[in-house]
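J.:
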Amino acid sequence: MSHKNTAPAQFITFEGGEGVGKSTNIEFCRRLLEQQGIDVIVTREPGGTEIAEIIRDELLKKPHNERMSDVAELLLVFAARAQHIEALVKPALERGCWVLCDRFTDSTIAYQGYGRGLKLETINQLKTIAQLGIEPDKTFLLDAPIDVGMGRAKARGPADRFEIEQLDFFSRVREGFLAIAKNSPQRVCVINAAQELSQVQIDLKSAIEQRVLEIQTVEIHAIDTQKLDAQKRKSEQQ
Ligand SMILES: Nc1ncnc2c1ncn2[C@@H]1O[C@H](COP(=O)(O)OP(=O)(O)OP(=O)(O)O)[C@@H](O)[C@H]1O
Ligand SMILES: Cc1cn([C@H]2C[C@H](O)[C@@H](COP(=O)(O)O)O2)c(=O)[nH]c1=O
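In this note's numbering, the protein residues as written are 434 to 671.
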């Protein structure tokens, strides 16, 4: 039986500091979901579309001749997000495709809010404009001590404009992510990313399977409700 018309496609985001394993584990989750016959796309922020990737390049490239202002950084992040949502995320969800996204607005709250010290109220206002009402259904926060993530990121290649920030910046960013998880316990699932990769993936697998079960329950309920409505209509006609 096809469930495609009743189960809502899921928007799942992966969050966390530098080098915690988001890209590695998002691919792992893609394979898990595809094995279950679910249509999935993987994307990232900032980026994910041609225009949003151009904005990403500007945001990440090492300092220009002038320092990028914090507000300019915030607006660029949201410009990229507006493009990404309208051109890629929303259409994919509407055609029933699950979207796995490497970073989203929780990163803005953590980096531009907690890290740079910009007002969370301003971030919320921009979010309302840029996201077209789209919110993550589930978020996996990969959490690890900063030295663990930075060590992995450094081993991977040269640092970008964010990665050259100081330890106190990343401490505030981590604090920001953990505060979001505390405030949204239903949506945000914290995974201990300092563990061996095999253990991280055991934890993720069980959380993803749990989510698929929850969705199937919603789906079965929707099918049952449709059946009951049809029976009711039939008996009213008799
Ligand atoms: N649990 C783990 N244990 C050891 N190494 C890991 C683990 N998870 C990821 N790695 C390695 O750490 C490096 C960074 O991982 P990855 O690129 O997936 O992180 P990321 O969170 O996407 O990083 P960034 O945000 O900086 O792009 C990679 O070389 C990856 O193979
Ligand atoms: C979405 C988003 C991202 N950032 C920062 C965080 C990272 O340093 C880079 C993205 O690169 P990565 O390969 O995913 O690590 O951008 C940010 O500051 N604010 C945001 O909203």
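Where a beta carbon is used, it is the ideal one built from N, C-alpha and C, also for glycine.
Keep in mind the model is a prediction, meaning the values are calculated, not measured.
#1: Is the separation between the beta-carbon of Arg536 and that of Glu448 shorter than 8 Å?
#2: Along the alpha helix (DSSP H) that carries Leu509, what are the first and last residues, could you check?
#3: With 16 other CB atoms within 10 Å as the buried threshold, where does Gln468 fall?
#4: DSSP state of Ser435, grouped into three classes?
#5: If you reduce the DSSP assignment to three classes, tell me which class Cys530 lands in.
#6: Indicate, with yes or no, if ligand 1 has a heavy atom lying under 7 Å from the CB of Glu451.
#7: Give the C-beta separation of Val623 and Asp576 to the nearest angstrom, bearing in mind that I take them to be a contact with Cβ-Cβ under 8 Å.
#8: Would you say the beta carbon of Arg536 comes nearer than 7 Å to a heavy atom of ligand 2?
#9: For the region 606-615 and the region 475-492, state whether three or more C-beta atom pairs, one from each stretch, are separated by less than 8 Å.
#10: Kindly indicate which residue of Val606, Gly470, Ile488 and Lys665 has the alpha-carbon position closest to the one of Gly548.
#11: Please report how far the alpha carbon of Ile635 lies from the alpha carbon of Gly550, in whole angstroms.
#12: Kindly examine ligand 2 and report whether one of its heavy atoms sits closer than 7 Å to the Cβ of Ser502.
#13: At 4 residues or longer, what runs of the alpha helix (DSSP H) sit wholly inside the region 552-615?
#14: What is the rounded straight-line gap between the Cα of Lys494 and the Cα of Leu565?
#15: Would you check if the region 449-462 and the region 623-633 touch, i.e. whether three or more CB-CB distances between them fall below 8 Å?
#16: Quick one: residues in its chain with C-beta nearer than 6 Å to the C-beta of Ala440, no 5 flanking neighbours on either side, listed in chain order?
#17: Could you round the C-beta distance between Gly546 and Asp472 to whole angstroms and report it? I think they count as a contact, below 8 Å.
#18: Can you confirm whether the region 511-525 touches the region 557-564 when touching is taken to mean that 3 or more C-beta pairs between the two stretches lie within less than 8 Å?
#19: Anyone know if the C-beta pair for Thr482 and Gln516 falls short of 8 Å?
#20: Can you check whether the CB of Leu630 is closer than 8 Å to the CB of Gly454?
#21: Would you mind sorting Ser639 into buried or exposed? The rule is 16 or more other CB atoms within 10 Å of its CB.
T.: In brief:
#1: yes
#2: Asp503 to His517
#3: exposed
#4: Caution applies to Ser435, whose pLDDT of 37 falls short of 50 and renders its modelled position unreliable; the value that the coordinates give is listed next. Coil, per DSSP.
#5: coil
#6: yes
#7: 5 Å
#8: yes
#9: no
#10: Val606
#11: 36 Å
#12: no
#13: 553-563 and 579-589
#14: 28 Å
#15: yes
#16: Ile648 and Glu652
#17: No, Gly546 and Asp472 are not in contact; Cβ-Cβ is about 33 Å, not under 8 Å.
#18: yes
#19: yes
#20: yes
#21: exposed
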